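In this note's numbering, the protein residues as written are 9 to 444.
Reading through the structure tokens given below for one structure.
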């Protein structure tokens, strides 16, 4: 876990960004039932972790930069020896203050009665509407009650502001501490992909490779997968978010694995595609070489001032040229880009922000235009081609081939750093590993 001073510095930056007339509410999402009385494993909301490092459920953090005291108020579960015997130890009110930076801490059950005083008379309430209907109702109820007390000196905030305006801008640019964690997540993820390449043989099941990947994550201290691990063999590789992972690998299949380890609440995001038999067939090689060339060129282009839209359009054009050469589309290139014909085989974007969430926070546009990249931002670069078995007009030799190649790239002052460069992707390296 990061040193407490890191979280204290983050809170101060956020308080400064909010300004003295604003109040922010950051909260954990509720625990969810999986089935019966069994819950999904709880994962703290990234905003709460970013500001405090606090990982327990039923947590609300209220930040009040203009307050004379109690600028950081936490509502947490109190200590309860009986419940802790069943479900694990809690930090409690004292722990929230002593270890997690709260100026004041109260039981989570007291949120409703105290929230009205905490947000009264501020100009802006920074709050994420729409994440949890129950919390939305609680906040709306506070605002309604404050409207009724305005004549007595307590009024509601003048505006409710999306957290992207301040908090998510801070999260978008990664500090050296964060980058160290992301590099660790990337290193573990790379090892997991290599382990799967070595284990994948005809007759192996997709779920066995999923188990290999997820085991490697945990073996090296990761929390687990940062998102559901995708293992698609053969035609399953043409399904973008295929997570059933239940089919056997056949001789001659390509296997697409999209998997990233979450380490200390930061996740990597890597996709590799490789041959089960240890050697690409000629048609598979045609598709793979195209995607690899496009992906490598896109990674090489990353630098400050470029936009994600620039990267995407570069990939779209080069992939479209390749689709015409492969017989998937008919030219001219400009026309096929203009009429979006390429979307039959490349239907997703090329990049997204990466960090505490696999699709991390941060605005993608400024003033209606794609925002320029800046040092400290981390993005994915992941072009692909997906040729379904029933794709209209596709050459028979290419049907059922799906290829995606994805790396995690840090924007640096003078260019970029590929955080996942250790994960093999050249044809020679993949074939050597898969035959070993």
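Where a beta carbon is used, it is the ideal one built from N, C-alpha and C, also for glycine.
Quantities reported herein were computed from a predicted structural model and do not represent experimental measurements.
One question on the structure: do residue 175 and residue 25 come within less than 9 angstroms of each other, judged by their Cβ atoms?
Between residue 175 and residue 25, the gap from beta carbon to beta carbon is short of 9 angstroms.
My assumption, with CB atoms under 8 angstroms, is that residue 273 sits in contact with residue 364. Please give the rounded CB distance.
The pair is a contact, with the Cβ atoms about 6 angstroms apart (cut-off 8 angstroms).
Taking only the alpha-carbon atoms, compute the straight-line gap between residue 196 and residue 144 and give it to the nearest angstrom.
Approximately 38 angstroms, taken between the alpha carbons.
Classify residue 77 as buried or exposed, calling it buried when 16 or more other Cβ atoms lie within 10 Å of its own Cβ.
Looking at its Cβ environment, which holds fewer than 16 other Cβ atoms inside 10 Å, residue 77 is exposed.
Bridge-paired residues (DSSP) for residue 15:
Beta-bridge annotation (DSSP): residue 15 is not paired with any residue.
Quick check on residue 247: does DSSP put it in helix, strand or coil?
Residue 247 falls in the coil class under three-state DSSP.
Note down, one range per segment and in chain order, each beta strand (DSSP E) of at least 3 residues found wholly within the stretch 197-241.
Listed in chain order, they are 238-241.
In the DSSP output, which residue or residues are listed as bridge partners for residue 423?
According to DSSP, which records beta bridges pairwise, residue 423 is partnered with 420.
Residue range of the beta strand (DSSP E) that includes residue 150:
Note, residue 150: premise wrong, no beta strand (DSSP E); alpha helix (DSSP H) at 141-156.
Top-ranked residue by Cα proximity to residue 432, from 204, 156, 186 and 66:
Proximity to residue 432 across 204, 156, 186 and 66 peaks at 204, based on C-alpha coordinates.
How about the stretch 170-187 and the stretch 379-386: do they share at least three Cβ pairs that are nearer than 8 angstroms?
Yes, they touch.
Can you tell me whether residue 184 is buried or exposed? The criterion is at least 16 other CB atoms within 10 Å of its CB, across all chains shown.
Under the 10 Å beta carbon count, residue 184 is surrounded by fewer than 16 other beta carbons and is classified as exposed.
Going straight from the alpha carbon of residue 109 to that of residue 224, what length do you get?
Their Cα atoms are separated by approximately 34 angstroms.
Quick test of your reading: residue 164 and residue 132, contact by CB under 8 angstroms. State the CB separation rounded to the nearest angstrom.
Not quite, the Cβ-Cβ distance comes to about 11 angstroms (not below 8 angstroms), so this is no contact.
Identity of the residue in 313, 214 and 295 nearest residue 335 by Cα
The option with the nearest alpha carbon to residue 335 is 295.
Can you give the beta carbon distance from residue 411 to residue 392, rounded, assuming they're within the 8 angstroms contact cut?
The C-beta distance from residue 411 to residue 392 rounds to 6 angstroms, short enough to fall under 8 angstroms.
Can you have a look at residue 348 and say buried or exposed, based on whether 16 or more other CB atoms are within 10 angstroms of its CB?
Label assigned to residue 348: exposed.
Could you work out which residue in 332, 55 and 309 is closest to residue 402 when comparing CA atoms only?
The candidate whose alpha carbon is nearest that of residue 402 is 332.
By the 10 Å Cβ neighbour count, where 16 or more other Cβ atoms means buried, how is residue 488 classified, buried or exposed?
Residue 488 cannot be examined here, being either before or after the span of the chain that is shown, 9 to 444.
Any idea what DSSP makes of residue 101, helix, strand or coil?
In the structure shown, residue 101 adopts helical secondary structure according to DSSP, grouped into three states.
Quick check on the burial criterion: 16 or more other C-beta atoms within 10 angstroms. Buried or exposed for residue 49?
Exposed: under 16 other Cβ atoms inside 10 Å.
Would you mind listing the alpha helix (DSSP H) stretches within the stretch 16-66 that are 4+ residues and don't spill past its ends, in chain order?
Qualifying alpha helix (DSSP H) stretches, in chain order: 54-60.
With contact counted as at least three CB pairs below 8 angstroms, one residue from each stretch, are the stretch 53-69 and the stretch 88-95 in contact?
In short, these stretches do not touch, since the Cβ pair count stays below three.
Taking 9 angstroms as the cut-off, decide whether the C-beta atoms of residue 207 and residue 269 are in contact.
No, the Cβ-Cβ distance between residue 207 and residue 269 is not below 9 angstroms.
Leaving out the 5 sequence neighbours to the left and right, which residues in its chain are closer than 6 angstroms to residue 65 when beta-carbon positions are compared?
Excluding positions up to five away in sequence, the list reads 36, 39 and 50.
Please go through the same chain and pick out, in chain order, the residues whose beta-carbon is closer than 8 angstroms to the beta-carbon of residue 293, but skip the five residues on each side of it.
Within the same chain, residue 293 has close Cβ partners 435.
Going by C-alpha to C-alpha distance, which of 138, 98 and 161 sits closest to residue 125?
The shortest CA-to-CA distance from residue 125 to any of 138, 98 and 161 is the one to 161.
Below 9 angstroms between beta carbons: does that hold for residue 264 and residue 213?
If you check the CB distance, residue 264 and residue 213 do not come in under 9 angstroms.
Exposed unless 16 or more other CB atoms sit within 10 angstroms - verdict on residue 23:
With 16 or more Cβ atoms within 10 Å of its Cβ, residue 23 is classed as buried.
Helix or strand or just coil, what does DSSP make of residue 442?
Note: residue 442 maps to helix in three-state DSSP.
Mind checking residue 361: buried by the 16 CB within 10 Å criterion, or exposed?
The residue in question, residue 361, is buried, as its Cβ has 16 or more Cβ neighbours within 10 Å.
Around the Cβ of residue 249, are there at least 16 other Cβ atoms within 10 angstroms (buried) or fewer (exposed)?
Under this definition residue 249 is an exposed residue.
Express the C-alpha separation of residue 308 and residue 314 in angstroms, rounding to a whole number.
The alpha-carbon atoms of residue 314 and residue 308 are separated by roughly 12 angstroms.
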